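Here the structure is laid out as structure tokens; the discussion comes afterwards.
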Amino acid sequence: MKGLTKFLDSFGAILLAIIWVAPLLFAFWAATHSTSDAVNLKLFSPWTFDNFRVAWAGAPWLQYFVNTFLLVTVILVGQFILTTLAGFAFAQMDFPGKDFVFILVLMQLFILPEVLIVENYAMVSRLGLFDSILGVGMPYMASAFGIFLMRQSFKSVPIELHEAARIEGCGLLGILWRVYVPLAKPTYIAYGLVSVSTHWNNFLWPLIVTNSPDTRPLTVGLSIFGAPENGVDISIISAATMMSIAPLLIAFLIFQRQFVQAFLRAGIK
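In the working numbering, the protein residues as written are 586 to 854.
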């Protein structure tokens, strides 16, 4: 019975993996074959990389890559700063209404980002940040999920280290920088991976708040490139899709062990 259970678990895991990776494999197949061969699944048809050349020439992909890299960097830096300060305050400082404020922060987790699009749009417009990288990234910098993770990580730091740093003459920011931040490195890695992958693939908000190729990220550029009015060619669109996801895919394949270990050490289940 135990052997049967183990077999079913393994079979189920393999089946789910195949289902999950099947669209990616088909996209790669279509990107490396002509449209007719891709649609008809001609297994012995010749491979070609002309689709990538045509796709690259069809849109300012380099600008889209730069915009996306700047966007995820700006968001991640802002999140690290804000979540570190807020997490430290909720973990180690006492102030009136701390628990109530923390509950209010956690309530953000129950609000879908799409619900706030109208208000975020109005705020970004009032700040004069419409159609800018900072305007796209600003609504995501104060992350309730990140604050919760940092609070939990900082609360696990032994109080003796905090007191020892205080005796040595460190102020609050010095204690935070020299004691808490180094010990929370696994949490930063895990959260950084989540943040980068999430905002690399974010689509709806950047679509609304950007109007020019100078600020559009990859997801918006890909949607415009694959729009029906531009002509639908599954091989060309698949090639563009593979180019868009290639950096994340390569990074995951290279750092998959660190990816999993960081989540385990950070206690994300």
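Every residue, glycine too, gets a C-beta built ideally from N, C-alpha and C. As the structure is a computational prediction, the values presented were derived from the model and not from experiment.
Check whether the Cβ atoms of residue i and residue j lie closer than 7 Å to each other.
| i | j | result |
| --- | --- | --- |
| Asn796 | Asp716 | yes |
| Ser780 | Gln664 | yes |
| Phe739 | Ala676 | yes |
| Ala612 | Ser829 | no |
| Ile718 | Val659 | yes |
| Trp668 | Met723 | Before going on, a small fix: residue 668 reads as Thr here, not Trp. No, the pair does not count as a contact, with Cβ atoms beyond the cut-off. |
| Gly806 | Ala644 | yes |
| Asn636 | Ile819 | no |
| Val657 | Trp785 | yes |
| Thr620 | Leu803 | no |
| Phe673 | Leu761 | yes |
| Ala825 | Ala640 | yes |
| Gly777 | Leu661 | yes |
| Val794 | Gly720 | yes |
| Met827 | Ala616 | yes |
Tell me the DSSP secondary structure of residue i in three-state form.
| i | result |
| --- | --- |
| Asn652 | helix |
| Glu748 | helix |
| Ala598 | helix |
| Arg801 | coil |
| Pro608 | helix |
| Ala588 | Going by the sequence as given, residue 588 is Gly instead of Ala. Looking at Gly588 - three-state DSSP - the assignment turns out to be helix. |
| Asn636 | helix |
| Thr617 | coil |
| Met855 | Nothing can be reported for residue 855, as the shown portion of the chain is limited to 586 through 854. |
| Ala812 | coil |
| Gly663 | helix |
| Pro645 | coil |
| Gly754 | coil |
| Asp818 | coil |
| Leu834 | helix |
| Ile853 | Note that Ile853 scores 48 on pLDDT, short of 50, meaning its location in the model is unreliable; the coordinates nonetheless yield the value given after this. Correct three-state label for Ile853: coil. |
In terms of residue numbering, what span does the alpha helix (DSSP H) encompassing residue i cover?
| i | result |
| --- | --- |
| Ser782 | Lys770 to Trp785 |
| Trp632 | Per DSSP, Trp632 belongs to no alpha helix (DSSP H) and is neither H nor E. |
| Ala623 | Thr620 to Asn625 |
| Leu729 | In the sequence as presented, Leu is not what sits at residue 729; that position holds Ala. Per DSSP, Ala729 belongs to the alpha helix (DSSP H) from Ala729 to Lys740. |
| Trp762 | Careful: Trp762 lies outside any alpha helix (DSSP H) and carries neither H nor E. |
| Pro791 | Leu789 to Val794 |
*Would you call the region 685-695 and the region 750-761 touching, i.e. three or more CB-CB distances under 8 Å?*
no
Sequence ranges, alpha helix (DSSP H) only - wholly within the region 687-725, length at least 4:
702-711 and 718-722
Cβ contact check for the region 597-617 and the region 756-771: 3 or more pairs under 8 Å
no
Check: Hey, is the region 704-713 in contact with the region 740-748, meaning 3+ C-beta pairs nearer than 8 Å?
Finding: no
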